[in-house]
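Per our numbering: the sequence shown = residues 112 to 397. Glycine included, each C-beta is placed from N, C-alpha and C at the ideal position. Values in this document were obtained by computation on a predicted structure and should not be read as measured data. Working notes, beginning with the structure itself.
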Amino acid sequence: MYTHPFDTQFFNVCDKTYCMNRIYPTTLPFNKRVYIPRRTNDHMEAQFTIARTKLRQILGLYIKRQRQNKTDAQQLGIKPACGLQKLIQRTRNGEVICLPTDKSGRMSIDSLPNYIQAMQPHIANTKVTTVQAHEEREKVLNAHMMMWTIVLGPQKRTAKNFQAWNNDIPALYGLRKDHKGFTDPIAGPPTRPVCGANIASNYRISYFLSMIIRPIIRMSPDVCDSTEDLLSRISDCNKTCDLTGCISDDRDILEEKWPIVATNILVKDQMPLQSFTEVDLCYTFY
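In structure tokens form, the structure reads like this:
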């Protein structure tokens with residue numbers, strides 16, 4: 112199982128303790144300052160310059176060869192390669208919008224008016240956020256994060272890096288739900304609103320809370336990190352267990368196919384026959 116590098120720095124697996132002194136400011140993705148070492152003598156600086164130039168040349172040659180090999184591996188002909196270049200140019204000019212689809216990760220191409228129309232249900236009744244309200248929320252998040260740093264006592268530079276100032280409002284964009292049915296081929300399927308938070312004021316506090324929660328989650332043997340991991344465990348369960356029921360946490364989808372009363376009866380009847388209980392599943396019978 113993959114372990115995030117910051118998990119091992121912040122959380123000690125052996126004694127199960129947290130220590131923020133293991134977190135250095137330069138290891139944070141939102142580090143504000145990087146200190147450059149002092150200048151050496153002229154001879155050493157000249158050697159550094161020559162070495163940097165050679166490394167850039169080698170890197171440029173490597174990138175060029177990799178691009179050629181990638182093109183050959185994809186076996187793109189002249190017309191597909193030309194079409195790809197035109198698509199890139201049209202995207203840069205703002206004529207079309209290329210985004211991955213929801214869940215499946217395929218490429219979807221939308222015209223700008225069609226994309227705006229698809230996003231209207233998500234932005235129709237939105238409230239206007241003023242700059243003053245945005246700054247007030249930023250102060251509240253900074254105060255909350257400051258209390259965490261006082262409790263855990265990190266280095267001063269590390270604590271300062273967790274404070275947010277002058278952050279932009281995160282961008283909202285929509286991903287096409289290609290797994291949903293649709294009737295209008297021009298309008299296409301509905302979109303799922305996604306808000307990128309890596310530039311928002313809550314990015315730092317979200318990152319900090321993830322460092323606390325993520326190691327605890329990974330200590331559980333029943334955690335699935337990806338869809339492939341979940342499918343693999345379901346396959347193993349089907350080979351070893353004799354289950355006659357199915358439980359879904361997506362109640363909206365479940366009610367479309369199974370009546371909720373019948374589902375509860377089925378689960379309640381099967382529960383004593385399995386090794387888990389309703390407490391383990393956090394399941395509530397209606």
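- Message: Going by the DSSP bridge assignment, what does N123 pair with across the sheet?
- Response: DSSP, once it has assigned bridges, lists T128 as partnering N123.
- Cα separation between N236 and P140? Straight through space, the alpha carbons of P140 and N236 are spaced by roughly 34 Å.
- From the DSSP output, which residues share a beta bridge with G307? Answer by DSSP bridge pairing: none, since G307 is not bridged.
- Are the Cβ atoms of P304 and G292 separated by less than 8 Å? No, they are not a contact pair.
- Distance between beta carbons of S312 and E247, contact taken as under 8 Å: Actually they do not touch by this definition, with Cβ atoms about 10 Å apart.
- Item | Spatial distance of G279 from I234 (CA atoms) | According to the sequence shown, residue 279 is Asp rather than Gly. If I take the Cα positions, the gap works out to 18 Å.
- Query: Measuring CA to CA, which of S343, T294 and L283 is closest to P232?
  - Reply: Comparing Cα positions, the closest option is L283.
- Whole alpha helix (DSSP H) runs in the segment 237 to 296 with 4 or more residues, listed along the chain? Taking 4 residues as the minimum length, the alpha helix (DSSP H) runs contained wholly in the segment 237 to 296 are 242 to 263 and 267 to 272, in order along the chain.
- Query: Quick one: is D347 near chain D, going by C-beta distance under 8 Å?
  - Reply: Note that chain D does not occur in the displayed structure, where there is just one protein chain.
- Item | Per-residue DSSP class, three states only, for C335 | coil
- Task: Just the C-alpha distance for D168 and M155, rounded to the nearest angstrom, thanks.
- Result: Before going further, note that residue 168 is Gln rather than Asp in the sequence given. Approximately 20 Å, taken between the alpha carbons.
- Message: Using only the alpha-carbon positions, how far apart do T151 and N253 sit?
- Response: Separation of T151 and N253 (C-alpha to C-alpha, rounded to the nearest whole angstrom) is 39 Å.
- Message: I'd like to know if the segment 119 to 133 and the segment 260 to 271 are in contact, where contact means that at least 3 CB-CB pairs between them fall below 8 Å.
- Response: The segment 119 to 133 and the segment 260 to 271 touch, with no fewer than 3 CB-CB distances between them shorter than 8 Å.
- Task: May I have a chain-ordered list of the beta strand (DSSP E) segments no shorter than 3 residues that lie completely inside the segment 205 to 242?
- Result: 207 to 211 and 218 to 222
- Distance, Cα to Cα, F273 vs I189? Separation of F273 and I189 (C-alpha to C-alpha, rounded to the nearest whole angstrom) is 50 Å.
- Query: Could you give the distance in angstroms between the alpha-carbon of L392 and the alpha-carbon of R344?
  - Reply: Interpretation of L392 is limited by its pLDDT of 45, a score under 50 that renders its predicted location unreliable; the figure taken from the coordinates is listed afterwards. The straight-line gap from Cα to Cα measures roughly 17 Å.
- Message: Taking 8 Å as the threshold (C-beta atoms), are I227 and C209 in contact?
- Response: no
- Item | Under the three-state DSSP convention, the category T302 falls into | strand
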